[in-house]
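K.L.:
Protein chains: 2
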Amino acid sequence: MNDGDAGATATLEDARRHVIETADDLYYARGIQAVGMDELRRASGMSLKRLYSLFPSKEQIVLAVLAHRHELWTAGVTAKVGAAGSPTDRLLAIYDYLADWFADDSFRGCGFINAFGELGAVSPAVADLAREHKADFQRYVADLVAAAGAPVELAPQLAILAEGAQTTAAIAGNAEAAAHARRAAETLIHAVT
Amino acid sequence: MNDGDAGATATLEDARRHVIETADDLYYARGIQAVGMDELRRASGMSLKRLYSLFPSKEQIVLAVLAHRHELWTAGVTAKVGAAGSPTDRLLAIYDYLADWFADDSFRGCGFINAFGELGAVSPAVADLAREHKADFQRYVADLVAAAGAPVELAPQLAILAEGAQTTAAIAGNAEAAAHARRAAETLIHAVT
DNA sequence: ATCGCCGGAGAACGACCGTTCTCCGGATTC
DNA sequence: GAATCCGGAGAACGGTCGTTCTCCGGCGAT
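If you read the sequences in order, they're chains U and C. Quick note: the first sequence uses the numbering used here, first residue 874, plus one each step. Quick note: the second sequence uses the numbering used here, first residue 874, plus one each step.
#1: Taking buried to mean at least 16 other C-beta atoms within 10 Å of its own C-beta, is Gly982 of chain C buried or exposed?
#2: Quick one: which chain C residues come within Cβ less than 7 angstroms of Gln906 of chain U?
#3: Find out if the Cβ-Cβ distance for the pair Ala1032 of chain U, Thr1066 of chain U is shorter than 8 angstroms.
#4: Below 7 angstroms CB to CB, which residues in the same chain sit around Ala815 of chain C once its five sequence neighbours on both sides are set aside?
#5: Between Gly990 of chain C and Asn987 of chain U, which are expected to be in contact by the criterion C-beta below 8 angstroms, what is the C-beta distance as a whole number of angstroms?
#6: For a contact defined as C-beta to C-beta under 8 angstroms, what are the partners of Gly1022 of chain U on chain C?
#7: Using a Cβ-Cβ cut-off of less than 8 angstroms, give me the residues of the stretch 984 to 997 of chain U that come near chain C, in sequence order.
#8: Which residue wins for smallest C-alpha separation from Glu1026 of chain C, given the options U:Val1014, U:Ala1057, U:Ala966, U:Pro997?
#9: Asp887 of chain U to Leu1061 of chain U, Cα distance in whole Å?
#10: The alpha helix (DSSP H) with Phe1010 of chain C in it runs from where to where?
#11: Can you have a look at Asp897 of chain C and say buried or exposed, based on whether 16 or more other CB atoms are within 10 angstroms of its CB?
#12: For the alpha helix (DSSP H) holding Ala957 of chain C, just list the boundary residues, first then last.
#13: If you measure from the CB of Arg914 of chain U, is any heavy atom of the ligand FMN nearer than 7 angstroms?
#14: Measuring CB to CB, does Arg914 of chain C end up less than 8 angstroms from Leu924 of chain C?
#15: Would the beta-carbon of Ala1089 of chain C fall within 8 angstroms of that of Ala1021 of chain C?
In structure tokens form, the structure reads like this:
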């Protein structure tokens, strides 16, 4: 089936990643609690025993999925920002990344916000991961703001715009939220530089 | 049968409201799926049979809770806005209302965003109610913007700021998000008036 | 006093949850 | 060839979910 002897550790890690990606798709599309272990097992194409040999519990899968989503998000944002030119354009690139994301058919809001609403009150680990994800983004924006020579107060404002665009696009089903947020960001940046 | 007494209808409506308020507290604090009917029955102080005589299903209770939250939100915002003076102050009053809300110990984000993340993919009725709630807010902001004589593009920008402040305050546990959003709103308003 | 009805309390029900266990076929090792 | 181990498949387990049903005590009418 899969390739053979590149090392037991590598294939084990591959299997784990495969589960994480499958779980991510299902959890994100339908909600975490709506997807049972049996459905995840079926979609992953493995036995329940193997699934539980890869992860000790569903909660650990959820945490791994969130960590994976954080990496995807970070990679996507930094790629888009890296392709931009001036420090100001780099700030605005955040909203271009959001626009790309919102255009995806499967977009259903920020997975961390969704997970926080669903499990944050009941699973401190999930709440912590969501908090760390958002704090990381705030730091990232703050760095870009500093690089643009803008005052520090601009950073939380731009971050709030990005957050609001995500929930607005998700619930209103309105992908233009990215464009609105971008235009607001332009105004805010222009006012202080 | 039993036609005359208008009081019977009133107490039935009282009982319904009591269930809705109890359910609202529980659902908002811990998540909808985390609260079972038996716990709601116990907290409401009534029998399961009576509970099911007041509402046909849990989903109907959830929808009633969301409708109730929408009324509370609308009343709170309009009260704060109504107490403000100039059209510009009325726009900024939105963020003062958010600041009051965020300061509440039990604040755990926007109940509609939470419900949407938890059940939106699985319950179209919940998704619709969340969408209507947000659309209603967008219209409200648009009216205030029009009254202030500002261009229409300002409205979605201010709404996005309000949305972002809610999720940021909820996840980061950071009540200052209201102040940041308010300052951003001041800048945006100032730029176009 | 007796009957019939109503609503309260909570047991019961079937479904499904996350997790564990049993069974078994096939590869590995002497 | 025989003993041993490993992992696959999925049944089983205890618990909880939303919902329904049974039982029973109180009460108004006759």
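The C-beta atom is built at its ideal place from N, Cα and C for all residues, glycine as well. Since this is a predicted model, take the numbers as computed values, not measurements.
P.N.:
Taking the structure as given:
#1: Burial check for Gly982 of chain C: the Cβ neighbour count within 10 Å reaches 16 or more, so the residue is buried.
#2: Correct list: Gln906.
#3: no
#4: There is simply no residue 815 of chain C to check, as chain C begins at 874 and stops at 1066 in what is shown.
#5: 3 angstroms
#6: Per Cβ cutoff of 8 angstroms: no residues; Gly1022 of chain U is ~17 angstroms from chain C at best.
#7: Phe985, Ile986, Asn987, Ala988, Phe989, Gly990, Glu991, Leu992, Gly993, Ala994, Val995
#8: U:Ala1057
#9: Computed Cα separation, rounded: 44 angstroms.
#10: 997 to 1020
#11: Asp897 of chain C is buried by the Cβ-count criterion.
#12: Looking at the DSSP string, Ala957 of chain C is not in any alpha helix (DSSP H), and its letter there is neither H nor E.
#13: You won't find the ligand FMN in this model; it holds no ligand whatsoever.
#14: yes
#15: Outside the shown range of chain C, which is 874 to 1066, sits residue 1089 of chain C, and nothing can be said about it.
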